[in-house]
Every structure is written in structure tokens, then in C-alpha cells.
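Engineer: Just remember that our numbering sits 852 ahead of the position in the sequence shown, which is counted from 1. Idealized CB from N, CA, C, for every residue including glycine. All values derive from a computational prediction rather than experimental measurement.
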Amino acid sequence: MSQTVLDGLKDLIANHLDVNANLADLHEDTNLLDGDSFHLDSIAIMGLIALIEERFNFQFGEDELNLEPFQSLKTLADFVSSKIASDSH
853 MSQTVLDGLK DLIANHLDVN ANLADLHEDT NLLDGDSFHL DSIAIMGLIA LIEERFNFQF
913 GEDELNLEPF QSLKTLADFV SSKIASDSH
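1. Kindly list the residues whose CB is nearer than 6 Å to the CB of alanine 937, restricted to its own chain and excluding five residues on each side of it in sequence; keep chain order.
2. Would you tell me roughly how many angstroms separate the C-alpha atoms of leucine 892 and histidine 868, rounded to the nearest one?
3. If you scan the region 858 to 907 from start to end, which runs of the beta strand (DSSP E) of 3 or more residues do you find wholly inside it?
4. Kindly confirm or deny that the region 896 to 904 and the region 874 to 883 touch, where touching means at least three C-beta pairs closer than 8 Å.
5. If you drop the 5 nearest sequence neighbours on each side, which residues of the same chain put their C-beta closer than 7 Å to that of serine 889?
6. At which residues does the alpha helix (DSSP H) containing leucine 919 begin and terminate?
7. Confirm, please, whether the CB-CB distance from valine 857 to alanine 929 is below 7 Å.
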């Protein structure tokens, strides 16, 4: 996982999604689906997917459109980092 990717995801969630999240409250172990302070519903996840594709310049594959990468910020950052690495080869 790249710290740059993690920081980019935090920015997208806190500053570009219409969710009640503060940048300072987002950590790599933040649960995105069942969090105590906030959670992403299906509409927010779809918005986040579009923002991620735009920011990191890759497309989610049809078989990747599931909740697995969205369990936590770390799992999402790992997924995005792996997509970036595979697209650069």
C-alpha cells in the first residue's frame, strides 16, 4: 500500500463525497462499511468508485465491483495500489 494512495483516498472521502467524514478521523483501519462514526452506503460507494477511477486513472473491472475492497481504508488502498501497479506493466 502506498501512503500517497491512502492519502488520496482519505481526501476523496472527506472532501469530495457527500458523507459526514473528517480527514483527521480517517485512518487505514477505518471501517468504510460498518463504521461507528460514518459508513458508506451504496450510492456513496458508487460515487467513490467514479472518483477513484478519475483520480488514479484506471477502471474497475466488472468482476471487481463488489464490497470486498471497501472493507477498510487499508483494503481499498491495497486494491488501488495493486491496480496502479498492474496497469503500469
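Structural biologist: In this structure, then:
1. none
2. 13 Å
3. none
4. no
5. Asp877
6. Premise fails: leucine 919 is in no alpha helix (DSSP H) and is neither H nor E.
7. yes
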